[in-house]
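For the sequence shown, the positions run 210 to 652 when our numbering is used.
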Amino acid sequence: MAIPTHSQYIIIGAGIHGLSTAWHLAQELKQKKTGSGKDILVIDKTAIGAGASGIACGIIRNNYFQPAMRELMAHSVRAWEEDTESYGFHPVGYMQISPESMHEDVTQIYQQQKNIGYESTFIEGEKDCLNYMRENIFDDWHAKGITSILHEKKGGYANQMKSLYRLADKAEALGVRILTGVSVTGFKTDKDSVTAVQTSKGDIQCDWVIAGPGPWAKGLWDMLGLPNEVDIMGPDGILHSGNQMWTYLCLVEGTLGVDPAYAMNNRGEMPPVIHVDSEAPLYSSEDGSLITDEMWGIYYKPDFNFGGVQGGAAPYTVTGDVKVDPYGINSPDFTVTPEFVHMWTSALAHCQKRYEDQYRMYKNEPSGGLGCFTPDSFPIFDTMKQNCYFILDSNHGYKMIGVGKLVAKEVLGEKQALLEPFRFTRYQKGELHPVSHSPFPWS
Ligand SMILES: Cc1cc2nc3c(=O)[nH]c(=O)nc-3n(C[C@H](O)[C@H](O)[C@H](O)COP(=O)(O)OP(=O)(O)OC[C@H]3O[C@@H](n4cnc5c(N)ncnc54)[C@H](O)[C@@H]3O)c2cc1C
């Protein structure tokens with residue numbers, strides 16, 4: 210296919226954000242009669258879903274300690290509900306199951322969910338939590354030290370590739386072109402705006418660039434000559450300089466190769482996605498040895514797409530010179546190790562009796578992958594230079610299918626209140642999001 214020499218809007222990345230933005234922007238242009246999908250070109254160096262969106266666990270939840278994240282997630286859950294079936298979205302709900310150290314944080318989340326009309330139930334106290342789990346979800350539940358449960362009735366999980374192809378179909382039906390196998394290598398700028406995107410197949414002039422680069426955020430950020438260190442205003446009112454702009458974390462996930470039907474709830478139906486954080490000592494289901502007596506967390510769900518019970522544990526920080534490529538399951542460095550498998554399968558057994566002797570069923574195939582995080586681990590949605598919009602989701606984002614709808618409006622000049630708390634200037638202004646007691650950097 211010939212490479213165009215000009216496109217009004219160039220979108221870099223055919224992941225959840227690039228494709229959602231392309232489709233919504235095409236809709237906006239059509240509605241406003243100011244253009245059409247033919248004015249939009251999506252380019253990806255590999256393929257649709259070649260990045261984090263293609264390997265995501267697919268979990269969709271509202272459970273965030275940060276009010277701005279929760280409002281944005283509520284917006285995105287509504288976007289998933291608009292086309293549940295063709296996105297492969299399973300609206301089974303989500304449970305945050307927590308120890309006492311998180312009780313207060315989760316109480317606040319529940320209160321604020323009530324305020325924004327996001328349906329959930331909150332259970333408190335060790336005995337009531339145990340009863341709720343055994344009577345309503347799993348009769349073999351036996352996790353210890355749980356004192357609160359937030360049961361979100363909306364959300365759940367979706368099939369990653371199905372949702373991405375559906376978005377691509379919708380965009381293409383409105384005239385958007387998606388070119389794969391084309392790498393962005395740089396930007397041509399004039400004063401403070403981008404005039405052309407340089408690619409492996411030639412330069413393409415443009416009026417707007419929108420980048421949804423996922424784990425490749427640093428690469429594109431550097432190409433635009435943006436800073437690798439950032440000043441952050443602390444709560445002490447002092448501007449702290451020299452903070453590293455990008456940090457990589459490796460997400461550890463895998464699949465227990467049992468029949469997904471084995472993991473159904475008491476009624477034989479698909480249960481909610483389960484997320485457990487715990488301070489109870491975690492012992493090996495293989496030999497009874499102590500794995501950790503520090504706080505740990507896991508999440509899991511039966512998933513026919515993955516062919517078993519799929520889930521993960523808290524990620525770890527990667528230091529030194531990070532090689533993002535080859536990405537995902539092709540990476541020699543950033544797929545899971547036997548330590549993860551041991552911990553995760555033992556944690557499943559800690560939660561439910563049925564998993565006590567199932568560790569042998571773990572699917573020994575590469576899984577997991579890198580995420581690229583901002584200084585406070587929350588997204589940046591902002592225009593850098595005058596016409597380059599960055600969707601830098603700090604690895605929060607498969608669930609954020611609705612962000613593209615808001616970005617499309619912003620690119621066309623309509624500021625969106627839901628995106629305001631995610632501007633780059635928040636670091637300098639000290640307008641940071643509150644930090645929770647969860648062991649996960651994304652809660
Ligand atoms: C193992 C794992 C599990 C996860 N699970 C969940 C989950 O359950 N729920 C959830 O909400 N989030 C989850 N996430 C996070 C989520 O996947 C990401 O936040 C989200 O998919 C990022 O979407 P994106 O569109 O920004 O980037 P990506 O999906 O990574 O897409 C970026 C695209 O840009 C392309 N690209 C990069 N550089 C260039 C270039 N120079 N030129 C051209 N193209 C380029 C890449 O090929 C890629 O296709 C998970 C992440 C990982 C790694």
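Backbone N, C-alpha and C fix where the C-beta goes; we use that ideal spot for every residue, glycine too. Being a predicted model, the structure only gives us computed values, none of them experimental.
Under the rule that 16 or more other beta-carbon atoms within 10 Å means buried, what is residue i, buried or exposed?
{"i": "Asp314", "result": "buried"}
{"i": "Gly521", "result": "buried"}
{"i": "Ser647", "result": "buried"}
{"i": "His215", "result": "exposed"}
{"i": "Lys379", "result": "buried"}
{"i": "Asp496", "result": "exposed"}
{"i": "Ile419", "result": "buried"}
{"i": "Lys179", "result": "Lying before the first or after the last residue shown, residue 179 is absent from the chain, which here runs from 210 to 652."}
{"i": "Gln369", "result": "buried"}
{"i": "Leu448", "result": "exposed"}
{"i": "Ala470", "result": "exposed"}
{"i": "Asp512", "result": "buried"}
{"i": "Ser450", "result": "exposed"}
{"i": "Gln637", "result": "exposed"}
{"i": "Ser652", "result": "buried"}
{"i": "Ala211", "result": "exposed"}
{"i": "Ser487", "result": "buried"}
{"i": "Arg279", "result": "buried"}
{"i": "Arg476", "result": "exposed"}
{"i": "Thr356", "result": "buried"}
In angstroms with no decimal places, state the Cα-to-Cα distance between residue i and residue j.
{"i": "Val251", "j": "Glu503", "result": "45 Å"}
{"i": "Leu458", "j": "Phe582", "result": "7 Å"}
{"i": "His360", "j": "Asn474", "result": "14 Å"}
{"i": "Tyr273", "j": "Ala256", "result": "31 Å"}
{"i": "Glu335", "j": "Ala489", "result": "13 Å"}
{"i": "Gln305", "j": "Val403", "result": "43 Å"}
{"i": "Leu228", "j": "Ser494", "result": "42 Å"}
{"i": "Thr394", "j": "Glu438", "result": "22 Å"}
{"i": "Gly246", "j": "Leu383", "result": "5 Å"}
{"i": "Met570", "j": "Ala426", "result": "36 Å"}
{"i": "Ala283", "j": "Ile325", "result": "8 Å"}
{"i": "Val485", "j": "Ile507", "result": "5 Å"}
{"i": "Gly516", "j": "Met442", "result": "47 Å"}
{"i": "Phe363", "j": "Glu462", "result": "The sequence shown places Lys at residue 363, not Phe. Approximately 23 Å, taken between the alpha carbons."}
{"i": "Ala626", "j": "Pro575", "result": "40 Å"}
{"i": "Leu435", "j": "Pro481", "result": "41 Å"}
{"i": "Tyr492", "j": "Gly263", "result": "33 Å"}
{"i": "Gln320", "j": "Phe331", "result": "9 Å"}
{"i": "Ile268", "j": "Ile413", "result": "36 Å"}
{"i": "Pro630", "j": "Pro541", "result": "37 Å"}
{"i": "Leu465", "j": "Ala261", "result": "21 Å"}
{"i": "Leu641", "j": "Ala223", "result": "29 Å"}
{"i": "Val612", "j": "His226", "result": "7 Å"}
{"i": "Asp445", "j": "Pro643", "result": "15 Å"}
{"i": "Ser409", "j": "Ser392", "result": "5 Å"}
{"i": "Gln595", "j": "Phe298", "result": "36 Å"}
{"i": "Ser555", "j": "Gly622", "result": "51 Å"}
{"i": "Met432", "j": "Tyr218", "result": "18 Å"}
{"i": "Cys560", "j": "Pro547", "result": "20 Å"}
{"i": "Asp468", "j": "Met479", "result": "13 Å"}
In this structure, how does DSSP classify residue i when only helix, strand and coil are distinguished?
{"i": "Ala352", "result": "coil"}
{"i": "Gly639", "result": "coil"}
{"i": "Leu435", "result": "coil"}
{"i": "Met304", "result": "strand"}
{"i": "Cys338", "result": "helix"}
{"i": "Asn324", "result": "helix"}
{"i": "Phe631", "result": "helix"}
{"i": "Glu294", "result": "coil"}
{"i": "Gly227", "result": "helix"}
{"i": "Ser310", "result": "helix"}
{"i": "Glu495", "result": "coil"}
{"i": "His215", "result": "strand"}
{"i": "Asp602", "result": "coil"}
{"i": "Gly579", "result": "Looking at the sequence provided, one finds Leu at residue 579 rather than Gly. Three-state DSSP puts Leu579 in a strand."}
{"i": "Leu359", "result": "strand"}
{"i": "Val644", "result": "coil"}
{"i": "Gln625", "result": "coil"}
{"i": "Tyr319", "result": "helix"}
{"i": "Asn596", "result": "coil"}
{"i": "Tyr471", "result": "helix"}
{"i": "Gly451", "result": "strand"}
{"i": "Ile346", "result": "helix"}
{"i": "Gly364", "result": "coil"}
Would you say the beta carbon of residue i is closer than 6 Å to some non-hydrogen atom of ligand 3?
{"i": "Gly390", "result": "Ligand 3 is not part of this structure, which contains only ligand 1."}
| Which parts of the region 369-429 are runs of the alpha helix (DSSP H), unbroken and 4 residues or longer, counting only runs that do not cross its ends? | Runs of the alpha helix (DSSP H) inside the region 369-429: 369-382.
| said: Which runs of the beta strand (DSSP E) at least 3 residues long sit entirely within the region 500-567? Give them in chain order. | reply: As far as the region 500-567 is concerned, its whole beta strand (DSSP E) runs of at least 3 residues are 505-512 and 517-527.
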